[in-house]
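Here's the structure, in structure tokens; my notes come after.
Protein chains in written order, with UniProt numbering: chain A, 1 to 297; chain B, 1 to 301.
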């Protein structure tokens, strides 16, 4: 055979992916866009109704407005908090500590388990009226907080659940921090930079590509949060829909009320928002993300 | 003369003083760092510790004190929780989960390896576009494709079977794994493969005898992540699996929450602890693969 590879050999290897891509991603993607312009109660064929779903959603559907507002609040609080925490701990860990492996493992455990039903169940017990957190709060002499009864706090328990899983982002940050060569820090020390200066002017700029990567990943994920609120609130998004994220609404419309057209339209609005934010992030990355050896044409 | 003799000494002293100061600073820094890490670590792991402790408590004791140590340890929660309120016990649901995980993981490992090999080692028509779709799929929110996928599986008659959970993964549907293996493969030099090809091996032989052994740690990472994610997966089974007989543990646990919630806290907590056990064990046995996998590919979670 030697070097005379048939140019179709590679295509044969990726064939399973191409088939899967078409059947399970590309066609459903198009179909979902089409369905978003239809009325489709599952029991009969979809009927084209043009922009009606979107008009209803954007101008009239108060449940949707509420869900969207909750979702945006959730994403804009959770993602920065999680990333800051992950970076902070990675920074503390990135030092000649003997126990670095131990702590890295310990902090990673919640990331492994956090998506599970069991942890969401645990969260219910921890933040219940008489749960673990309130036992500690009242033990310290403060008044118990009704986490799941008070709309001001309910969403924050979900945020805490996801921030608790900062481990995977931390491991990525840590790998990036460890790849910064020592001589960079030595040079900064010789120039008389203090710790804060070194962090903000040397460390942070050097790891911006990884911050960017984590930001996109976490944002896309946060917009799709489902398990946490669904299990913690029995799918109701209680109290007063303060944890009723858009994916819960999509689930209700699609798989409880079988209103497939309307649900598709909600999914597309959510998708559009994620896309716009991703594009903004990519566009702005030119101004704040530093790539080593980048020639910047 | 004296001044000349003195000068090096002063410099030496200064240097010594400086070193001592640096060493003291370093020590303080180490202590502070360990302190922060230990406190944060304790707060983070306490919920898990409490879960395990509470699962051995009596119902009366669970919400009596924030301590995780049971005063009167009992296995009641495990025994009664294991029996469930359905006709099946938890063992049945564990076997269901296993029956979802094993074919899915094998399918993922095989398809992702083939596809990554294709992308990393060959030139072929539409390669650039196809690789771009891998990245796009990686970022594509599943929420957009879920409804048509459901309709597709309904038309295929696959609802209430495990096929919707198996087949997409067996066709390299989890773009993250493909991407991760491509990244690994790109870092492996091609010399050995080229030597094998010169000796007359075909591409399949090269893949099986040269590439896969070198790629093994990465493939193990893929299997481990798929194991964890499938173990945790809730939405997939929730949408596709309707008969209780076929429930995986994630759905069974939610069911027990609905049915026994009233005052049987220890049953729910015991089964929660039990469903976390496989993932925890696998993680501790194989943690090196996780950390490597995630540092190379970057992972959600």
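We put the beta carbon where it would ideally sit given N, CA and C, even for glycine.
For clarity, every value in this text was computed on a predicted model and none was experimentally measured.
### Query
residue 191(B): buried (16+ other C-beta within 10 angstroms of its C-beta) or exposed?
By the neighbour-count criterion, in which 16 or more other beta carbons inside 10 Å mark a residue as buried, residue 191(B) falls on the exposed side.
### Message
Between which residues of its own chain and residue 166(B) is the CB-CB distance below 7 Å, once the five residues before and five after are set aside?
### Response
Result list for residue 166(B): 103, 104, 107, in chain order.
### Task
Please list the partners that residue 33(B) has in chain D, where partner means a Cβ-to-Cβ separation under 7 Å.
Of the chains in the structure shown, none is chain D; the protein chains are A and B.
### Task
From the DSSP output, in three-state form, read off residue 278(A) for me.
Secondary structure of residue 278(A) (DSSP, three-state): helix.
### Query
Do we get a CB-CB distance below 9 Å when we pair residue 21(A) with the residues of chain B?
Yes, its Cβ sits closer than 9 Å to a Cβ of chain B.
### Query
Using 8 Å as the threshold, is the stretch 199-206 of chain A in touch with the stretch 43-50 of chain A, meaning 3 or more CB pairs across them?
Contact fails: fewer than three Cβ-Cβ distances are below 8 Å.
### Task
Decide if residue 27(B) is buried, meaning its Cβ has at least 16 other Cβ atoms within 10 Å, or exposed.
Here residue 27(B) is exposed: its Cβ has fewer than 16 other Cβ atoms, across all protein chains shown, within 10 Å.
### Task
Report the neighbours of residue 117(B) on chain A: residues whose CB is nearer than 7 Å to its CB, in chain order.
Within chain A, the C-beta atoms nearer than 7 Å to that of residue 117(B) come from 13, in chain order.
### Residue of 116(B), 151(B), 17(B) minimising C-alpha distance to residue 44(A)
Residue 44(A) has its Cα closest to that of 151(B), out of 116(B), 151(B), 17(B).
#### Entry: Cβ pair residue 115(A), residue 234(B) closer than 9 Å
With a cutoff of 9 Å on beta-carbon distance, residue 115(A) and residue 234(B) are scored as near each other.
### Task
Could you work out which residue in 83(A), 16(A), 252(A), 119(A) is closest to residue 212(A) when comparing CA atoms only?
Among 83(A), 16(A), 252(A), 119(A), the Cα nearest to that of residue 212(A) belongs to 83(A).
### Task
With distances taken Cα to Cα, identify the nearest neighbour of residue 176(B) among 160(B), 211(B), 140(B).
Nearest C-alpha to residue 176(B): 140(B).
### Beta-carbon neighbours of residue 10(A), restricted to chain B and to distances below 8 Å
Correct list: 118, 119, 121, 122, 123, 124, 127.
#### Entry: Segment contact flag, the stretch 98-118 of chain A with the stretch 159-175 of chain A, C-beta cutoff 8 Å, min 3 pairs
Segments in contact, yes.
### Task
Could you round the C-beta distance between residue 170(B) and residue 111(B) to whole angstroms and report it? I think they count as a contact, below 8 Å.
Contact flag correct, Cβ pair sits at about 6 Å.
### Task
Quick one: give me the first and last residue of the alpha helix (DSSP H) that residue 169(A) is part of.
For residue 169(A), the enclosing alpha helix (DSSP H) covers residues 167-178.
### Message
I want to see whether chain B comes within less than 9 Å of residue 113(A), judged by CB atoms only; does it?
### Response
By the rule that beta-carbons nearer than 9 Å mark a contact, residue 113(A) touches chain B.
#### Entry: Chain-ordered chain A contacts of residue 44(B) [CB-CB under 7 Å]
Residues of chain A passing the Cβ test: 107, 110, 164.
### Message
Once DSSP output is grouped into helix, strand and coil, what is the label at residue 161(B)?
### Response
If DSSP states are grouped into helix, strand and coil, residue 161(B) belongs with coil.
### Query
The alpha helix (DSSP H) with residue 76(A) in it runs from where to where?
Looking at the DSSP string, the run of the alpha helix (DSSP H) that includes residue 76(A) is 62-93.
### Query
Span of the alpha helix (DSSP H) holding residue 236(B)?
Start and end: 235-240.
### Query
Along chain A, in chain order, which residues have C-beta atoms closer than 7 Å to that of residue 87(B)?
Simply none; closest approach about 21 Å.
### Contact under 9 Å by Cβ, residue 120(A) with residue 231(A)
Contact flag set, yes.
### Query
Contact between the stretch 63-75 of chain B and the stretch 200-211 of chain B: three or more CB pairs below 8 Å?
At 8 Å Cβ cutoff, the stretches do not touch.
### Message
Am I right that residue 283(B) and residue 109(A) are in contact with their C-beta atoms under 8 Å? What's the rounded C-beta distance?
### Response
About 7 Å; that satisfies the 8 Å criterion.
### Query
So which of 281(A), 17(A), 251(A), 13(A) has the shortest CA-CA distance to residue 144(B)?
For residue 144(B), the nearest C-alpha among the options comes from 251(A).
### Query
Whose CA, out of 198(B), 221(B), 227(B), lies closest to the CA of residue 181(B)?
Residue nearest to residue 181(B) within the set 198(B), 221(B), 227(B) is 221(B) (criterion: CA-CA distance).
### Task
Please state if the CB of residue 152(A) and the CB of residue 125(B) are separated by a distance shorter than 9 Å.
No, they are not a contact pair.
#### Entry: Under the three-state DSSP convention, the category residue 50(B) falls into
Here DSSP, grouped into helix, strand and coil, assigns residue 50(B) to helix.
### Message
Does chain B have any CB closer than 9 Å to the CB of residue 270(A)?
### Response
Closer than 9 Å: yes.
### Euclidean distance between Cα positions of residue 15(A) and residue 54(B)
Each residue's alpha carbon lies about 50 Å from the other.
### Message
With the cut-off set at 9 Å, would you say residue 242(A) and residue 154(A) are in Cβ contact?
### Response
Taking 9 Å as the cut-off, the beta carbon of residue 242(A) is found closer than this to the beta carbon of residue 154(A).
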